[in-house]
Amino acid sequence: MIQQFLRLARLLDRLTLALASLAGATLVLMVLVNVVLRYGFGTGSIKMQDLASYAFAVFLILAVPLCHARAGHVRVEVLSERLPPAYLRRADALAWALFLTPVFGLILWAGWGDIAFSWSIGEGSTTPGGLGGLYLVKTALPVAAALMIIQGLAALFEKRGA
Amino acid sequence: MSGQEIMLLVLFAGLFAGILSGIPAMLAIAGVPFVLAVGAAQFGLFNLDFLANFPSRVQGIMANTLLMAVPLFVLMGVFLERANLAERMLRVLARLLGGSPLGMALSVLAFSTIIAASTGIIGATIVMLVMIALTPMLDSGVPKRQAAGLICASGTLGQIIPPSILLVLLGDQIGNTYLEAQQRRGNFAPDPVSVADLFAGALVPGLLLVGLYALWLLITLRPGRAKRVGTNEPVAASEVVFTFLPPLLLILAVLGSILGGIATATEAAGLGAVGAGLMAAFSTTTQRWERAVIGIAGLAAFALVALKVAGVGRSGLGEAASVAAALLLAAGVLVAIWRLIRGRMLGGAMVETIKISGMVFGIVIAASMLSLVFRGFGGERAVEHLTREFPGGEMGALLAVMVIVFLLGFILEAIEIIYIVVPLLGPAVLAGDISPVWFAVLMAMNLQTSFLTPPFGFALFYFRSVAPPQITTLDIYRGVVPFVLIQILALAMVYLFPGLATWLPHQMFN
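Line by line, the protein sequences are chains L and A. So the numbering used here is basically just the index in the first sequence, starting at one, shifted up by 30. So the numbering used here is basically just the index in the second sequence, starting at one, shifted up by 248.
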């Protein structure tokens with residue numbers, strides 16, 4: 031059961047990484063294209079500027095669970111490095127149940143209405159002549175929140191197994 | 249004291265306990281306020297409607313295009329680091345200036361100044377400096393204490409010398425806080441504060457620091473007579489040019505285009521990331537034609553900027569030149585991408601960028617929960633009240649904020665401090681006539697000093713984690729003391745002469 035959950039978490043992580051990498055690459059290329067258009071030709075494309083912001087939004091929010099799965103979030107270890115490792119395992123488990131799940135659960139619960147509304151009207155960019163599909167970008171937030179909860183739990187199991 | 253004011257004190261006590269517990273700081277910064285808010289709501293001390301705003305706050309962060317520069321600058325630094333450009337630069341410098349303790353120490357300082365400008369992450373810079381610069385410095389006769397102090401101090405330069413990620417984040421926070429504080433006071437059209445203002449403002453104080461460091465080295469280290477003469481093979485001029493010109497040009501172009509008002513911070517960061525990627529590809533490939541295509545693409549990018557400056561894009565000749573430059577750039581980027589994928593560098597660089605960006609944005613998101621709960625407990629009124637009562641008004645508040653930031657620097661990293669202190673206590677300072685640029689530069693220098701101060705400074709921990717055992721912790725502490733004093737001197741100078749920070753932005757943007 032736990033093994034299956036961990037395998038699922040790893041699969042989700044790989045999918046997230048692929049999506050975030052794609053978003054990151056799109057961001058860099060779109061910023062480059064926009065710079066070339068503006069500097070070289072004195073024009074710009076609102077759609078491409080929107081695409082850069084969309085890519086950035088997806089990149090930003092997916093980076094958070096990806097960083098968590100790689101134990102990349104900063105910890106202040108002044109005190110905890112002097113305590114036995116069992117302490118940190120317990121602290122992490124408590125933090126998952128008390129802090130991580132409620133906070134990211136709140137994003138799912140309180141943000142649900144907005145996302146549903148955004149889908150129902152097929153929300154697009156606020157700039158005239160902009161790109162559609164903003165509702166998809168907004169959906170990245172609850173997806174990332176769910177991933178955070180899953181990766182947080184997986185990290186607890188991984189640590190115990192290791 | 250009202251129930252809400254007591255809850256504010258509990259909030260801060262709980263926040264510190266949570267952060268010090270060793271769990272990821274972002275979880276403590278978001279979780280402690282959340283749990284307290286839900287708890288206080290049971291006693292009617294908190295209106296839970298505040299929390300319902302959290303998802304839309306996070307959507308707001310995702311749509312904040314100012315933050316777009318952060319991952320792009322991170323990617324630029326990762327490329328430069330992965331391409332071993334840094335290592336090669338230091339080796340050439342050591343051969344040029346090495347052979348004497350003074351020459352070696354100065355070359356480490358010069359090199360750190362350039363590298364600091366490109367990465368801006370203390371941990372990474374210090375680890376890299378220890379790896380590549382410590383042994384050469386000791387070999388050429390720099391005393392170990394001074395070598396340790398110099399590396400720690402140089403590693404923190406990235407916080408203040410633009411383009412630094414720290415300044416981008418400060419620009420985001422101080423810009424917003426300043427606007428709100430001024431509007432609340434009745435000034436509805438304050439001059440906006442941009443990241444470019446902060447970059448310009450930090451440049452002179454940053455270089456002042458480097459100058460003071462160099463002066464200290466000149467006073468304390470003897471020129472000539474190395475303890476052990478290294479490989480003193482002559483350095484070809486072409487090698488110097490090829491090693492230094494590309495990274496220097498890149499940084500000058502990024503910085504110059506922001507300060508010159510040609511590019512936004514995001515555009516410049518994007519160009520910087522692409523340029524660093526081209527350099528990384530250039531140094532991994534051995535194929536001559538690939539090098540040529542990539543090199544020409546770099547020149548084409550400069551040509552595009554030049555065309556923009558000259559403003560000839562509209563004429564027929566300019567149009568043709570633009571098309572040619574764009575095509576050459578595209579060709580070079582494609583070859584570079586292919587080369588970086590083949591060399592297995594692109595994926596690794598992307599993962600590293602995602603990890604560092606996730607760390608930064610995790611804290612940004614968590615801090616928005618903290619500030620929601622802070623507002624829900626009436627924290628803004630409490631701060632306003634405090635300012636009115638505070639001895640010395642805004643200057644008093646400024647000094648208090650400086651002391652708090654310095655102390656927080658012992659346990660928190662810069663990003664956390666910026667996103668906690670500026671929105672919560674910033675209004676007390678920024679509601680008056682104090683220049684926001686000056687305030688930001690003081691904050692950045694103060695943080696940098698804090699990271700260097702024994703026994704808790706972060707820079708010292710990073711140094712300790714990779715330094716060889718014959719350099720004791722006490723050696724590090726003693727070595728760093730002169731540099732801390734220099735920092736304090738520079739901080740005092742900027743405090744007494746605000747013009748050091750405000751003159752350049754004023755010249756450039758007004």
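Just so it is clear, CB atoms sit at the ideal spot from N, CA and C, and this is done for glycine as well.
Query raised in the report: Which residues in the same chain have their Cβ closer than 7 Å to the Cβ of L:Arg68, if we skip the five residues on either side of it in sequence?
Result: Gly74
Query raised in the report: Looking at the C-beta of A:Ala568, does it have a partner C-beta in chain L at a distance below 8 Å?
Result: Closer than 8 Å: no.
Query raised in the report: How would you write the range of the alpha helix (DSSP H) that A:Gly271 sits in, first residue to last?
Result: It is Ile, not Gly, that sits at residue 271 of chain A in the sequence shown. Per DSSP, A:Ile271 belongs to no alpha helix (DSSP H) and is neither H nor E.
Query raised in the report: A:Ala545 and A:Leu507: beta carbons closer than 8 Å?
Result: no
Query raised in the report: In terms of DSSP beta bridges, what is A:Arg433 paired with?
Result: Its beta-bridge partners do not exist; DSSP assigns none.
Report task. Please confirm whether A:Phe327 and A:Gly641 have their CB atoms less than 8 Å apart. Result -> no
Query raised in the report: Given 8 Å as the limit, is there contact between the region 740–758 of chain A and the region 682–692 of chain A, that is, 3 or more CB pairs closer than that?
Result: The region 740–758 of chain A, when compared against the region 682–692 of chain A, does touch it at the 8 Å Cβ threshold.
Query - Test: A:Arg476 CB closer than 8 Å to a CB of chain L - result: Bear in mind that the predicted position of A:Arg476 carries a pLDDT of just 49, short of 50, making it unreliable; the figure below should be weighed with that in mind. No, because no Cβ of chain L sits closer than 8 Å to the Cβ of A:Arg476.
Query raised in the report: Using 8 Å as the limit for Cβ to Cβ distance, is A:Leu263 near chain L?
Result: no
**Report entry** Contact under 8 Å by Cβ, A:Ala396 with A:Val728
**Finding:** yes
Report task. Scan the region 567–637 of chain A and note each continuous alpha helix (DSSP H) run of 4 residues or more that stays entirely inside, going in chain order. Result -> The qualifying runs are 594–624, 627–637.
Query raised in the report: Candidates L:Ala85, L:Leu161, L:Leu164, L:Val63: which alpha carbon is nearest A:Leu315's?
Result: L:Ala85
**Report entry** C-beta atoms of A:Thr350 and A:Leu466 nearer than 8 Å
**Finding:** Reading the sequence as shown, one finds Leu at residue 350 of chain A and not Thr. Going by C-beta atoms, A:Leu350 is nearer than 8 Å to A:Leu466.
Query raised in the report: Looking at the structure shown, is A:Arg470 part of a helix, part of a strand, or coil, going by DSSP?
Result: The answer is coil: DSSP assigns A:Arg470 none of H, G, I, E or B.
**Report entry** Pick from A:Pro671, A:Arg343, A:Phe492 that is closest to A:Met385, judged by C-alpha positions
**Finding:** Ranking the options by Cα distance to A:Met385, first place goes to A:Arg343.
Query raised in the report: Listing by chain order, which chain A residues have their CB less than 8 Å from the CB of L:Val173?
Result: Around L:Val173, no beta-carbon contact reaches into chain A at under 8 Å, the shortest distance being about 12 Å.
Query raised in the report: How would you list, in chain order, the residues of chain L whose beta-carbon sits under 7 Å from the beta-carbon of A:Gln307?
Result: Lys168, Leu171
Query raised in the report: the region 41–61 of chain L: which residues have C-beta closer than 9 Å to a C-beta of chain A, in chain order?
Result: Leu47, Ala50, Ser51, Gly54, Ala55, Leu57, Val58, Leu59, Met60, Val61
Query raised in the report: Under a CB-based cut-off of 8 Å, is L:Glu188 close to chain A?
Result: Closer than 8 Å: no.
Report task. Could you check how far apart the C-beta atoms of A:Pro702 and A:Leu708 are, in whole angstroms? I think they sit under 8 Å. Result -> 6 Å
Requested in this report: Inspect the beta-carbon positions of A:Val306 and A:Val608 and report whether they are closer than 8 Å.
Outcome: no
Query raised in the report: If you draw a straight line from the C-alpha of A:Gly580 to the C-alpha of L:Asp80, how long is it?
Result: 25 Å
Requested in this report: Output, in sequence order along the chain, the residues in the region 118–146 of chain L whose CB is closer than 7 Å to any CB in chain A.
Outcome: Leu118, Ala121, Asp122, Ala125, Leu128, Phe129, Leu130, Pro132, Val133, Leu136, Ile137, Ala140, Gly141, Asp144
Query raised in the report: Is the shortest distance between the beta-carbon of A:Glu329 and the beta-carbons of chain L less than 8 Å?
Result: no
Query raised in the report: Taking C-alpha atoms, which residue in L:Ile32, L:Ser51, L:Gln34 lies nearest to A:Glu840?
Result: Any answer about residue 840 of chain A is impossible in this case: the structure gives chain A only from 249 up to 758.
Query raised in the report: Who are the neighbours of L:Tyr6 on chain A, taking C-beta pairs under 7 Å?
Result: Any answer about residue 6 of chain L is impossible in this case: the structure gives chain L only from 31 up to 192.
Report task. For A:Gly610, decide whether its Cβ has a neighbour in chain D, counting only Cβ atoms nearer than 8 Å. Result -> No chain D appears in this structure, whose protein chains are L and A.
Query raised in the report: Taking the C-alpha atoms as reference points, what is the distance between A:Ser605 and A:Phe490?
Result: Rounded to whole angstroms, A:Ser605 and A:Phe490 show a C-alpha spacing of 31 Å.
**Report entry** Residue span of the alpha helix (DSSP H) that contains L:Asp80, given as start and end
**Finding:** Here the alpha helix (DSSP H) through L:Asp80 covers 76–99.
Report task. Assign A:Leu744 to one of two classes, buried (16 or more other C-beta atoms within 10 Å of its C-beta) or exposed (fewer than that). Result -> exposed
Query raised in the report: Using the C-alpha atoms, what's the distance from A:Leu299 back to A:Val621?
Result: 7 Å
Query raised in the report: What number of angstroms, rounded off, separates the C-alpha of A:Met379 from the C-alpha of L:Leu136?
Result: Going from the Cα of A:Met379 to the Cα of L:Leu136 covers about 44 Å.
Report task. Give the residues from the region 615–637 of chain A that approach chain L closer than 7 Å (Cβ to any Cβ), ordered along the chain. Result -> Met617
Query raised in the report: What do you reckon, is the C-beta of A:Thr534 under 7 Å from a heavy atom of the ligand NAP?
Result: Ligands displayed in this structure: none; no statement on the ligand NAP is therefore possible.
Query raised in the report: Buried or exposed: where does A:Ser570 fall if 16 or more other Cβ atoms within 10 Å of its Cβ makes it buried?
Result: buried
Query raised in the report: Any C-beta of chain A sitting closer than 8 Å to the C-beta of L:Ala93?
Result: yes
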